[in-house]
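This report concerns only the one structure given below.
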Amino acid sequence: MRKFLIFILTGIISFSGFSQNTLDLTQEVPFDNTIRRGVLSNGLTYYIKHNELPKDKTSFYLYQNVGAVLENDKQNGLAHFLEHMAFNGTTHFPGNTVIDWLEKKGVKFGKEINAYTSTNETVYNLSEVPTVNEKVIDSCLLILSDWCNELSLTDEEIDAERKVIQEEWRQRYNANYRLDKQLKGVKYNHSIYSKRDALGSMDVVKSFKYKALRDFYHDWYRTDLQAIGIVGDFDVDVMEEKVKTLFSKIPAIKNPKERKYVTIPDNEKPLYKVATDKEVKNVGLTLEIRQFYKKDNSLAQQRENFVHTFFNSLMNARYKEAIMKGKTSFKSARALYGDFEKNYKAFNLNLSANEGEVENAFKAVYTELHRVVQHGFTQGEIDRLKAKMLQNNENWLLNGETTTSDSYAKRIKNTFLDGLAFPTYEFGYNFSKSVIPTISKEEVSALAKQYLTEKNRVFTITAPEKENLQVPTLNQIQSIMAEVENSKLEPYVDQFPTDMVLLDSLPAGGKIIGEKLNRGFKAVEWQLSNGAKVVYKFNNAHKGHIELNAVSQGGASVYDVKDIPSLQAVSLVNRFGIGDLDPLTYSKVMVDNSAKSNVSLETYNERITASASIKDVESMFQLVFMRFETPRFDEAKFNELMTGNYNSLNSPVQNPNTVMNNTYKTLVANGDPRYFEFNKAYLDQIHFNRMKEIYGERFSNAADFTFYLIGDVPFNTVKTMVETYIGALEGKNNKETYKPLDDYFPKGFNKHRVEIPMEAPRAMVVIKMEENVDYDRETIMHHNILGDILNIRFIENIREKEGGVYTISVNAGDTRLPSPKLNMDISFSCDPNNAEHLNDLVYNELKQIQNEVKQSDLDKVVENLKKTRPLMKQSNAYWMKTLETYYNYGENMMAPEYYDAILDKVTTDDIKKAAQSFFNSANTLDIIFIPEDK
Ligand SMILES: [Zn+2]
6 MRKFLIFILT
16 GIISFSGFSQ
26 NTLDLTQEVP
36 FDNTIRRGVL
46 SNGLTYYIKH
56 NELPKDKTSF
66 YLYQNVGAVL
76 ENDKQNGLAH
86 FLEHMAFNGT
96 THFPGNTVID
106 WLEKKGVKFG
116 KEINAYTSTN
126 ETVYNLSEVP
136 TVNEKVIDSC
146 LLILSDWCNE
156 LSLTDEEIDA
166 ERKVIQEEWR
176 QRYNANYRLD
186 KQLKGVKYNH
196 SIYSKRDALG
206 SMDVVKSFKY
216 KALRDFYHDW
226 YRTDLQAIGI
236 VGDFDVDVME
246 EKVKTLFSKI
256 PAIKNPKERK
266 YVTIPDNEKP
276 LYKVATDKEV
286 KNVGLTLEIR
296 QFYKKDNSLA
306 QQRENFVHTF
316 FNSLMNARYK
326 EAIMKGKTSF
336 KSARALYGDF
346 EKNYKAFNLN
356 LSANEGEVEN
366 AFKAVYTELH
376 RVVQHGFTQG
386 EIDRLKAKML
396 QNNENWLLNG
406 ETTTSDSYAK
416 RIKNTFLDGL
426 AFPTYEFGYN
436 FSKSVIPTIS
446 KEEVSALAKQ
456 YLTEKNRVFT
466 ITAPEKENLQ
476 VPTLNQIQSI
486 MAEVENSKLE
496 PYVDQFPTDM
506 VLLDSLPAGG
516 KIIGEKLNRG
526 FKAVEWQLSN
536 GAKVVYKFNN
546 AHKGHIELNA
556 VSQGGASVYD
566 VKDIPSLQAV
576 SLVNRFGIGD
586 LDPLTYSKVM
596 VDNSAKSNVS
606 LETYNERITA
616 SASIKDVESM
626 FQLVFMRFET
636 PRFDEAKFNE
646 LMTGNYNSLN
656 SPVQNPNTVM
666 NNTYKTLVAN
676 GDPRYFEFNK
686 AYLDQIHFNR
696 MKEIYGERFS
706 NAADFTFYLI
716 GDVPFNTVKT
726 MVETYIGALE
736 GKNNKETYKP
746 LDDYFPKGFN
756 KHRVEIPMEA
766 PRAMVVIKME
776 ENVDYDRETI
786 MHHNILGDIL
796 NIRFIENIRE
806 KEGGVYTISV
816 NAGDTRLPSP
826 KLNMDISFSC
836 DPNNAEHLND
846 LVYNELKQIQ
856 NEVKQSDLDK
866 VVENLKKTRP
876 LMKQSNAYWM
886 KTLETYYNYG
896 ENMMAPEYYD
906 AILDKVTTDD
916 IKKAAQSFFN
926 SANTLDIIFI
936 PEDK
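Per this note's numbering, the sequence shown starts with residue 6, numbered consecutively.
Okay, here's the thing in structure tokens:
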């Protein structure tokens with residue numbers, strides 16, 4: 006078959022890279038000299054970089070070479086505890102005033118102000134702070150410097166935070182966390198890593214002596230282990246002076262303890278451990294093999310990283326292919342060589358399978374790996390991956406120009422903690438371009454054997470907790486391995502469909518019969534001869550990228566109840582391949598193609614979304630064409646997916662989240678016949694042929710669709726593609742609208758207390774409210790602001806004062822169809838014994854806010870919305886919504902009266918009124934899930 010293309014889009018950037026023969030791999034990676042760095046006499050390191058994305062804003066980071074491994078047994082959990090204390094009082098910002106002050110500048114806690122602690126590092130960030138005002142810069146530097154050396158650590162604040170951390174533990178205490186705890190001993194061969202995770206021991210958290218925390222702070226938060234990174238829109242010289250002046254004042258501590266790095270002892274014999282949990286469904290088996298690995302700064306090691314990436318990518322492609330071909334004994338399989346803990350890497354081979362099939366699954370997975378040991382990868386696999394990676398490299402350079410200050414700050418972390426250089430994007434681009442072609446089939450293939458050292462093997466199994474559990478023993482696993490190693494395996498057959506293309510002939514396109522400029526949006530509207538309407542807006546915020554949304558009214562609303570199950574199965578078409586290409590062939594044909602498409606059926610619309618990078622624009626249009634004209638339905642694949650669905654019903658294990666979610670949906674549906682619980686009766690009503698028919702009905706008339714296009718592609722290219730592909734779709738005369746559906750949401754106040762089987766001592770509180778309103782922008786905006794203010798109230802009173810929760814979420818929004826509604830969802834997890842009390846506190850806040858809205862809270866929310874607005878307005882996603890809203894409702898989301906003007910004049914009185922109106926008339930569903938009494 007021949008390849009038909011209208012345009013061959015050639016390389017976007019021509020760059021004269023350095024050639025392979027001049028590449029000296031003993032050289033060091035060069036440091037990006039646009040980054041100003043230095044070490045103060047007290048040992049503190051700084052990195053300063055000017056960057057204008059986003060404009061007028063700066064990100065401030067504190068990186069510390071400190072983590073949970075430095076704790077002693079009495080301090081188990083205190084590295085993380087200390088991180089929390091940074092937000093609970095410093096010399097210049099007592100109590101919670103750090104957060105309060107930053108929020109007044111529009112920087113939001115939890116979103117732009119955050120921190121994390123791990124085994125070996127602790128990192129704090131103040132992101133995208135508006136810094137046009139010099140004083141704000143000074144204050145942010147003061148916050149960092151306070152964190153370095155001036156935490157207050159008062160008794161009262163420490164005691165208050167103990168509860169918050171216990172709630173954080175409760176929130177994280179799920180099956181994975183519990184399995185991890187059981188496996189840590191063997192995973193880290195009983196080194197200190199086996200005893201330290203960041204959360205630590207709750208016994209310690211409840212009762213540690215104040216001194217233990219202050220000691221940890223004194224011993225480890227010290228200048229020789231600290232660095233600050235400042236990236237943003239400012240003058241570097243001025244910033245460097247400020248940093249030197251302020252941070253040089255911090256004294257280096259006397260006789261510092263040695264910051265040791267953990268050595269994990271070698272194990273000559275393999276270690277083995279089975280971990281079980283009541284909430285686990287499948288069996289997982291992992292083989293992990295550790296290697297000591299010291300990162301250095303050489304180009305040779307950079308090149309080596311590429312070789313490992315090749316192995317990971319090719320090995321996993323083989324597993325994916327096996328799964329796509331069907332009938333494997335494993336449900337998933339993955340091989341990965343990558344970072345382990347500091348100074349270690351590990352090869353990790355893992356799979357999941359049904360109980361009783363684990364031996365076969367392991368044999369199959371290990372056989373594929375050993376096929377590579379015996380025969381290597383094929384030249385075809387290597388060559389195709391090279392082509393793909395070189396292509397990605399082009400995109401990488403494009404994206405490199407749009408690096409945000411926060412991504413720079415994150416990369417600086419690796420520089421400080423691992424001593425790696427931070428090269429420029431241009432260097433990275435040129436290096437990749439010259440090194441990828443030099444990677445050989447032999448060296449990638451050889452890795453399989455190199456990874457499988459006899460030393461440092463750890464086998465771990467995760468499984469459901471039950472009597473007579475059937476999982477392989479260490480001996481059984483080892484004999485499977487020996488059997489595979491001693492057998493002569495057939496080489497892999499590389500069936501790459503070189504003669505297959507997406508579309509093998511160009512469709513007879515249509516014509517653009519009308520062209521109109523939408524001046525407000527600088528977009529163009531095309532009317533096509535088949536009745537389809539297309540709107541294109543050029544936007545280069547996402548460089549070299551295009552997106553398409555094709556939308557039509559109707560959706561599920563035009564179908565009877567009996568069709569709903571088959572209708573919901575329509576999305577399966579995304580997994581059936583397309584045109585003549587079955588799913589496996591399709592995935593191979595698209596291996597180096599970025600074009601994607603997806604079909605969805607919503608309540609009131611049907612929709613096709615698609616996207617591509619610039620070189621694959623034509624493929625994207627072809628996919629959209631094929632979604633309409635040559636969709637593929639695969640009955641065998643359909644049956645396979647349905648069998649999986651039926652099997653999942655048979656499992657005795659129920660994940661508590663799934664149970665909660667289903668119960669919640671049933672309560673929200675409140676008897677709506679169009680809502681189906683996921684059970685056998687539902688699955689029985691899904692019919693392949695009916696699904697196919699419904700697809701045909703939804704996606705056969707292009708005249709009923711509007712195609713929105715946004716991207717960085719020349720006007721004439723898009724125009725030609727639109728005529729050729731969208732113009733070629735079949736169009737009929739009839740236009741369709743949706744049918745308004747009845748509202749079943751429970752009226753009035755509805756309280757439910759539901760017991761569910763759950764291992765964690767945890768309650769989940771969910772409050773959902775809805776109110777019918779007349780649509781106008783002020784009402785919507787005031788409601789959104791109300792939600793954000795409540796968020797601040799809840800953090801202050803329910804998290805900080807009460808210590809009742811770790812996080813509490815508030816989502817205020819609106820829906821428009823079939824008639825406008827405001828909604829608000831509030832949810833949090835907590836101690837079951839505390840759930841009713843905290844629930845009452847939430848309603849207190851809802852009452853309180855109807856009497857008083859603090860000006861300072863409103864200011865914080867308004868500042869944050871104003872701060873994020875400019876970037877939001879540039880994004881493709883916002884533009885997509887803007888176009889759709891305009892053509893559906895005639896509303897302009899970019900206009901001041903839609904957003905900015907409302908923000909400018911909103912008062913506390915407006916929000917008070919919004920609260921009164923909403924909370925007095927909203928229908929409310931109040932649910933608390935608690936663990937079943939056992
Ligand atoms: Zn935390």
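Each residue gets a CB set at the ideal place from its N, CA and C atoms; glycine is no exception.
Quantities reported herein were computed from a predicted structural model and do not represent experimental measurements.
Practice problem: Take G559 as the anchor and find which of S605, V594, E841 has the nearest alpha-carbon. | Solution: For the set S605, V594, E841, the Cα lying nearest the Cα of G559 is the one of S605.
Practice problem: Excluding the 5 residues preceding and the 5 following A232 in the sequence, name in chain order all residues of the same chain whose CB lies nearer than 6 Å to its CB. | Solution: These residues qualify, in order along the chain: T50, Y68, F421.
Quiz item: CA-CA distance, K593 and K393?
Solution: If you take the alpha carbons of K593 and K393, they lie about 12 Å apart.
Exercise. List the whole-angstrom C-beta distance separating Y430 from L395, where the pair is believed to meet the contact cut-off of C-beta under 8 Å.
Key: Rounded, the Cβ-Cβ distance is 16 Å, inconsistent with contact.
Quiz item: Relative to ligand 1, is the shortest distance from any of its heavy atoms to the C-beta of E173 smaller than 6 Å?
Solution: For E173, the shortest separation between its Cβ and any heavy atom of ligand 1 lies below 6 Å.
Quiz item: Which class does G190 belong to by DSSP, given the choice of helix, strand or coil?
Solution: The DSSP-derived three-state label of G190 is helix.
Quiz item: What residues in its chain sit with their C-beta under 6 Å from that of L888, if we drop five residues either side in the sequence?
Solution: Excluding positions up to five away in sequence, the list reads V540, Y713.
Quiz item: What residue does the beta strand (DSSP E) around K278 start on, and which one ends it?
Solution: DSSP places K278 in the uninterrupted beta strand (DSSP E) bounded by 276–282.
Quiz item: What residues are listed by DSSP as bridge partners for K521?
Solution: According to DSSP, which records beta bridges pairwise, K521 is partnered with E530.
Quiz item: Going by DSSP, which residues form a beta bridge with C153?
Solution: For C153, which the question treats as bridged, DSSP gives no partner whatsoever.
Quiz item: Count the other CB atoms within 10 Å of the CB of D240; is the residue buried (16 or more) or exposed (fewer)?
Solution: By the Cβ neighbour-count rule, D240 is exposed, with fewer than 16 other Cβ atoms within 10 Å of its own.
Quiz item: Taking Cβ positions, are S357 and G289 nearer each other than 7 Å?
Solution: Going by C-beta atoms, S357 is nearer than 7 Å to G289.
Practice problem: Compare the C-alpha of V529 against each of F543, S880, A537, K871 and name the closest. | Solution: Answer by Cα proximity: F543.
Quiz prompt | C-alpha distance - K685 paired with T648, whole-angstrom precision | solution = K685 and T648 have their C-alpha atoms some 11 Å from each other.
Quiz item: Using DSSP with H/G/I as helix, E/B as strand and the rest coil, what is D781?
Solution: Looking at D781 - three-state DSSP - the assignment turns out to be coil, as it is neither helix nor strand.
Quiz item: Counting pairs of beta carbons, one from the region 922–934 and one from the region 663–677, are three or more of them closer than 8 Å?
Solution: Yes, since at least three Cβ pairs between the region 922–934 and the region 663–677 fall closer than 8 Å, the two stretches touch.
Practice problem: Enumerate, from N- to C-terminal direction, the unbroken beta strand (DSSP E) stretches of 3 or more residues contained entirely within the region 46–102. | Solution: Counting only runs of 3+ residues, the beta strand (DSSP E) found wholly inside the region 46–102 occupies 50–55, 62–69, in chain order.
Exercise. Between the Cα of I466 and those of N644, L452, Y277, spot the shortest distance and give me the residue it belongs to.
Key: Residue nearest to I466 within the set N644, L452, Y277 is Y277 (criterion: CA-CA distance).
Exercise. Determine, using beta-carbon pairs with one atom in the region 721–728 and one in the region 651–665, whether at least three such pairs fall under 8 Å.
Key: Fewer than three beta-carbon pairs drawn from the region 721–728 and the region 651–665 are found closer than 8 Å, and the two stretches are therefore not classed as touching.
Quiz item: What separation, rounded to the nearest whole angstrom, lies between the Cα atoms of H388 and N598?
Solution: It is Asp, not His, that sits at residue 388 in the sequence shown. In this structure, the straight-line span from the alpha carbon of D388 to that of N598 is close to 15 Å.
Self-check item: 8 Å contact criterion, which M257 and G48 should meet: CB distance rounded
Solution: A quick correction: the sequence has Ala, not Met, at residue 257. For A257 against G48, the beta-carbon gap comes to about 6 Å, under 8 Å, which counts as contact.
Quiz item: Unbroken alpha helix (DSSP H) runs of length 4 or more, entirely within the region 485–520: which are they?
Solution: Taking only runs of at least 4 residues, no alpha helix (DSSP H) segment lies wholly in the region 485–520.
Quiz item: Which residues does DSSP pair with P135 in a beta bridge?
Solution: Paired residues: K62.
Exercise. Look at the alpha carbon of F643 and the alpha carbon of F315, and state the distance between them as a whole number of angstroms.
Key: Counting only the Cα atoms, F315 lies some 33 Å from F643.
Self-check item: Every unbroken beta strand (DSSP E) inside the region 799–874 [3 residues or more]
Solution: Entirely contained in the region 799–874, the beta strand (DSSP E) runs reaching 3 residues are, in chain order, 814–820, 826–835.
Quiz item: Where does A882 land, buried or exposed, given buried means 16+ other C-beta within 10 angstroms?
Solution: A882 should be labelled exposed.
Quiz item: With C-beta atoms as the reference, is I255 less than 7 Å away from N154?
Solution: Taking 7 Å as the cut-off, the beta carbon of I255 is found closer than this to the beta carbon of N154.
Practice problem: Helix, strand or coil for K286, going by three-state DSSP, please let me know. | Solution: Correct three-state label for K286: coil.
Self-check item: Straight-line Cα distance separating E284 from F98
Solution: F98 and E284: Cα-Cα distance of roughly 44 Å.
Quiz prompt | Under 7 Å between C-beta atoms of R323 and E373 | solution = Taking 7 Å as the Cβ cut-off, R323 and E373 qualify as a contacting pair.
Practice problem: Using alpha carbons as the reference points, say which of G331, I444, I328 lies closest to A305. | Solution: Nearest option by C-alpha distance: I444.
Self-check item: Member of Q296, L156, H195, T458 whose CA lies at the smallest distance from the CA of R219
Solution: Considering only alpha carbons, the answer is L156.
Quiz item: In angstroms, rounded to a whole number, what distance separates the CA positions of E735 and E634?
Solution: E735 and E634: Cα-Cα distance of roughly 8 Å.
Quiz item: Is any beta-carbon of chain C found at less than 7 Å from that of D709?
Solution: In the structure shown, chain C cannot be found, because there is only a single protein chain.
Practice problem: Could you check the C-alpha separation between I441 and N310 for me, to the nearest Å? | Solution: Straight-line measurement puts the Cα of N310 at about 11 Å from the Cα of I441.
Practice problem: Please look up how many angstroms separate the CB atoms of F221 and E386, rounded, as I've assumed it's under 8 Å. | Solution: Actually they do not touch by this definition, with Cβ atoms about 50 Å apart.
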